[in-house]
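Chains as they are written, first to last, in my numbering: chain D, 23 to 482; chain U, 23 to 482. The next block holds one structure in the form of structure tokens; read it before the comments.
There are 2 protein chains.
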Amino acid sequence: MVQVENKKELLKNAFSGSSRKAREVAIDVIEASLKAVDPREVIKAKINLSNATLNVDGRTFNLRLFEKIIVVGGGKAGGPMAEALEETLGDRIEEGLIVVPKGTASQYHTKRIRFHEASHPIPDRSSLEGAQKIMDLASNAEENSLVICLISGGGSSLMTLPKAGVSLSDMQKMTDLLLRCGATIREINTVRKHVSAFKGGQLAKAAYPATLLCLLLSDVLGDPLDVIASGPTVPDTTSYDDAVNVLKRHNIWDKAPQSIRRILLDGQKRLVEETPKPDDPAFTKVHNVVVGNNRLACEAARNKLKEEGLNVLYLTSLLEGEAREVGIALSSIAKEILASGNPAPPPAGIIAGGETTVTVEGSGKGGRNQEIALAAALKIDGIDRILVASFSTDGIDGPTDAAGAIVDGRTIVRSRNLCMDAREYLGNNDSYTFFEKLGDLIHTGPTGTNVNDITLMIVL
Amino acid sequence: MVQVENKKELLKNAFSGSSRKAREVAIDVIEASLKAVDPREVIKAKINLSNATLNVDGRTFNLRLFEKIIVVGGGKAGGPMAEALEETLGDRIEEGLIVVPKGTASQYHTKRIRFHEASHPIPDRSSLEGAQKIMDLASNAEENSLVICLISGGGSSLMTLPKAGVSLSDMQKMTDLLLRCGATIREINTVRKHVSAFKGGQLAKAAYPATLLCLLLSDVLGDPLDVIASGPTVPDTTSYDDAVNVLKRHNIWDKAPQSIRRILLDGQKRLVEETPKPDDPAFTKVHNVVVGNNRLACEAARNKLKEEGLNVLYLTSLLEGEAREVGIALSSIAKEILASGNPAPPPAGIIAGGETTVTVEGSGKGGRNQEIALAAALKIDGIDRILVASFSTDGIDGPTDAAGAIVDGRTIVRSRNLCMDAREYLGNNDSYTFFEKLGDLIHTGPTGTNVNDITLMIVL
Numbered sequence: 023m024v025q026v027e028n029k030k031e032l033l034k035n036a037f038s039g040s041s042r043k044a045r046e047v048a049i050d051v052i053e054a055s056l057k058a059v060d061p062r063e064v065i066k067a068k069i070n071l072s073n074a075t076l077n078v079d080g081r082t083f084n085l086r087l088f089e090k091i092i093v094v095g096g097g098k099a100g101g102p103m104a105e106a107l108e109e110t111l112g113d114r115i116e117e118g119l120i121v122v123p124k125g126t127a128s129q130y131h132t133k134r135i136r137f138h139e140a141s142h143p144i145p146d147r148s149s150l151e152g153a154q155k156i157m158d159l160a161s162n163a164e165e166n167s168l169v170i171c172l173i174s175g176g177g178s179s180l181m182t183l184p185k186a187g188v189s190l191s192d193m194q195k196m197t198d199l200l201l202r203c204g205a206t207i208r209e210i211n212t213v214r215k216h217v218s219a220f221k222g223g224q225l226a227k228a229a230y231p232a233t234l235l236c237l238l239l240s241d242v243l244g245d246p247l248d249v250i251a252s253g254p255t256v257p258d259t260t261s262y263d264d265a266v267n268v269l270k271r272h273n274i275w276d277k278a279p280q281s282i283r284r285i286l287l288d289g290q291k292r293l294v295e296e297t298p299k300p301d302d303p304a305f306t307k308v309h310n311v312v313v314g315n316n317r318l319a320c321e322a323a324r325n326k327l328k329e330e331g332l333n334v335l336y337l338t339s340l341l342e343g344e345a346r347e348v349g350i351a352l353s354s355i356a357k358e359i360l361a362s363g364n365p366a367p368p369p370a371g372i373i374a375g376g377e378t379t380v381t382v383e384g385s386g387k388g389g390r391n392q393e394i395a396l397a398a399a400l401k402i403d404g405i406d407r408i409l410v411a412s413f414s415t416d417g418i419d420g421p422t423d424a425a426g427a428i429v430d431g432r433t434i435v436r437s438r439n440l441c442m443d444a445r446e447y448l449g450n451n452d453s454y455t456f457f458e459k460l461g462d463l464i465h466t467g468p469t470g471t472n473v474n475d476i477t478l479m480i481v482l
Numbered sequence: 023m024v025q026v027e028n029k030k031e032l033l034k035n036a037f038s039g040s041s042r043k044a045r046e047v048a049i050d051v052i053e054a055s056l057k058a059v060d061p062r063e064v065i066k067a068k069i070n071l072s073n074a075t076l077n078v079d080g081r082t083f084n085l086r087l088f089e090k091i092i093v094v095g096g097g098k099a100g101g102p103m104a105e106a107l108e109e110t111l112g113d114r115i116e117e118g119l120i121v122v123p124k125g126t127a128s129q130y131h132t133k134r135i136r137f138h139e140a141s142h143p144i145p146d147r148s149s150l151e152g153a154q155k156i157m158d159l160a161s162n163a164e165e166n167s168l169v170i171c172l173i174s175g176g177g178s179s180l181m182t183l184p185k186a187g188v189s190l191s192d193m194q195k196m197t198d199l200l201l202r203c204g205a206t207i208r209e210i211n212t213v214r215k216h217v218s219a220f221k222g223g224q225l226a227k228a229a230y231p232a233t234l235l236c237l238l239l240s241d242v243l244g245d246p247l248d249v250i251a252s253g254p255t256v257p258d259t260t261s262y263d264d265a266v267n268v269l270k271r272h273n274i275w276d277k278a279p280q281s282i283r284r285i286l287l288d289g290q291k292r293l294v295e296e297t298p299k300p301d302d303p304a305f306t307k308v309h310n311v312v313v314g315n316n317r318l319a320c321e322a323a324r325n326k327l328k329e330e331g332l333n334v335l336y337l338t339s340l341l342e343g344e345a346r347e348v349g350i351a352l353s354s355i356a357k358e359i360l361a362s363g364n365p366a367p368p369p370a371g372i373i374a375g376g377e378t379t380v381t382v383e384g385s386g387k388g389g390r391n392q393e394i395a396l397a398a399a400l401k402i403d404g405i406d407r408i409l410v411a412s413f414s415t416d417g418i419d420g421p422t423d424a425a426g427a428i429v430d431g432r433t434i435v436r437s438r439n440l441c442m443d444a445r446e447y448l449g450n451n452d453s454y455t456f457f458e459k460l461g462d463l464i465h466t467g468p469t470g471t472n473v474n475d476i477t478l479m480i481v482l
């Protein structure tokens, strides 16, 4: 189970019994929330086999009705998800293939499900091969087959399958063009899905008439099914016309690779098939189930805080905004708790999940969560009864080896004693160096899951 | 009583019965919160005369013990506060003088309390005269006098009294230097208080041995008494050494006006008196009472929302951060309410008071609250059940004639129909123009009070 590895060091930085208590609670809560979204745990918690009935978060599948069970999918959490699924279904699984990041397959031990290693985050030939193998397995599934698809973060690049005639470098070039012109994720996906042979419901279409059960570990706020891994099992509501319009609206049609323009124009002329739409019969046999997401991690945090006897407020699992400003805004809630007992009287715990952004202007090292924590530290300076911890559930906050950081009312004075100016570190986006020197980074190592970030405030 | 003047127009922009209901509730809540912090209302609510006993928010003063009641003070809300006080105390007031902004005195009608008009926000000779008259009145008060001091926003510039030898332009030059080098408000006040003959407890010292009751309408988040109007009735904990250090730390000592350097050096040598410290006997006879603040406005909003049957969450009265990022972060809470019923199930009302900042990068017209609303509109686009209203309690959001704006799930689509790109308007800091075209500005006119801002979210 994932643990906070530097617990001792974090507790050593406590300045009083109550400060130590707050740090202990924070560490317990972090571990509890990470446990709840561990890829093995989510499969074990949501999938249950009783006699020949498979219960999936309230839905039931009578396995006697299926001749074969085939497992497909991919993502960074594919390995442990596959292991846990095989532990539940055992030899009922006929065969399976899961695409995982290069160099990770040997960690996982399964009898029926094989692993295919592919490149991440930049797809290469191995990603194509993986996606093609998944498509072959799905296409060969028959009406009385149950195809179980395991999707998690990274699935989109691990399983990349451009339409015939489009090269990987053309795909990459187009994505870069779209990113540079400020296209939204929805616009980028509209184009991508129409150039792909896998995304935008096309895996579901291939599996039809088999029954398809897709288990998703969501790394996108609010779990929009068509966005997670670009929605290979979800109807697409956009058209070739929309894709062309996106490129024209952003004035990059002429710059787009020739192969991509040809596919899109052929699509408009109906010479190439559309992505499957919501009324496609394939979707009558598709069940998409989110087995883990930020909300699940937040709820585990809430339960742990309640267990510890705190008044708990779970604000959101959809938090967005510039990290440092979010840190400032959240601190104001913790301060109000002390000032007036609103929105909950102390001892209180506040949970805010989501994913903020960092506009990099300096040359330092840091991450979203470390910036939230540093900005909060400046706002709670001198207030002994507040602790703020912010962490990424994948254990990797920005380009650092830490999940996040813990701050309290003594963080700034301790940094001053080390001759550090917190404002300077924040201005230089150097939160990692700041917290490394203080020993207040949260180290969990890579957790193997990713359901975004959680900020936790404890007011004792 | 202050009202939302364009209520009809705001209701016309509703797109459904429930949307109309949300707008009605929002307008009622805005009016209720503004009423609660109206300068007349706060005096009437917090000051009560029964026989010869003056009750002030729980404290009692037996007026039989005092021979004279003298009223002093100043601020933008000085007029109505003085009127309300005189309505309560009548001829028990011996005399009084309140400094108010130029051109406003004729609106107020009092028998005992006179008004002195002074310049705001840049002090001039009239501000000096006002402060000097207040000091004279306080100094002449005797042991058996009760001096009632009324302080509200703007008091610091309306009552400016540099020490002998320091000119107003020297004061201004020094403040500009401090602001430009990024000094904190606390650092600026440290210098100011030591160059002033009024701020930093010196009014209290002048009134001693009279009893001093200071009623403050707070325009500073968290009501730090030493910051509101630079704390003329509050002990100062900083020294001449601190003031010199502030200037040296920011490398502006050599640039500071000669007159100011001389005062500070003389102060260090104890040739000029220190500001009164917490152990000064003067403060044994001082009672500082905050009669109105952002929290009071938030609590009135909360009560109104409860009356309307909503589940209410009063998050904070200490909200800070970049306005647009705060708008994004707050929206995430409203969206969670719809998604999971956390932190409160619908119908729900969320209140967040405070004062955000706007980093101006464009050339448009707008304010803090209008930017919060515009950023929120982009995040709740298409979600019919959420309304966000943000407003300044003084009725003047930024350099505009509006208090703020109301947005909902249809704001963005309505703006698109008028060929407006909301992101462009936000990028250009042009939120006022955006909302003016939509008819979604909140117009109250100047309210005569200032307890910062309130953002309100309603989820039906």
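A virtual CB, placed ideally from N, CA and C, is assigned to each residue, including glycine.
Chain D contact for residue i (CB, 8 Å cutoff)
i: K357 of chain U; result: yes
i: A361 of chain U; result: yes
i: N35 of chain U; result: no
i: V59 of chain U; result: no
i: E209 of chain U; result: no
i: S55 of chain U; result: no
i: I434 of chain U; result: no
i: R438 of chain U; result: no
i: R202 of chain U; result: no
i: I65 of chain U; result: no
i: N364 of chain U; result: yes
Secondary structure of residue i, DSSP reduced to three states
i: T75 of chain D; result: strand
i: D475 of chain U; result: strand
i: P61 of chain U; result: helix
i: C441 of chain U; result: coil
i: S353 of chain D; result: helix
i: R45 of chain D; result: helix
i: R317 of chain U; result: helix
i: I428 of chain U; result: strand
i: G100 of chain D; result: helix
Any chain U beta carbon closer than 8 Å to residue i
i: V501 of chain D; result: Outside the displayed span of chain D (23 to 482) sits residue 501 of chain D, for which this structure offers no information.
i: V268 of chain D; result: no
i: S414 of chain D; result: no
i: V348 of chain D; result: yes
i: S354 of chain D; result: yes
For residue i, the first and last residue of its enclosing beta strand (DSSP E)
i: N84 of chain U; result: R81 to N84
i: Y336 of chain D; result: N333 to L341
i: T233 of chain D; result: T233 to L239
Start-to-end residues for the alpha helix (DSSP H) that takes in residue i
i: F456 of chain D; result: S453 to L460
i: T212 of chain D; result: I207 to V217
i: V266 of chain D; result: Y262 to R271
i: D283 of chain U; result: Before going on, a small fix: residue 283 of chain U reads as Arg here, not Asp. Residues Q280 to Q290.
i: S179 of chain D; result: G177 to L180
Rounded Cβ spacing between residue i and residue j (contact assumed at less than 8 Å)
i: P468 of chain U; j: I418 of chain U; result: 6 Å
i: I350 of chain D; j: K401 of chain D; result: 6 Å
i: D416 of chain D; j: T379 of chain D; result: Incorrect: roughly 16 Å between the Cβ atoms, too far for contact.
i: Y447 of chain U; j: T422 of chain U; result: About 14 Å separates the two Cβ atoms, so there is no contact after all.
| Chain-ordered residues of the region 366–394 of chain U with a beta carbon less than 7 Å from chain D | G376
| field | Contact residues within the region 320–345 of chain U, judged by C-beta distance below 7 Å to chain D | value | L335, Y336, L337, T338, S339, L340, L341, E342, G343 and E344
| task | Using a Cβ-Cβ cut-off of less than 8 Å, give me the residues of the region 241–257 of chain D that come near chain U, in sequence order. | result | G244
| query | What residues in the region 455–480 of chain U have a beta carbon less than 8 Å from any beta carbon of chain D? | reply | none
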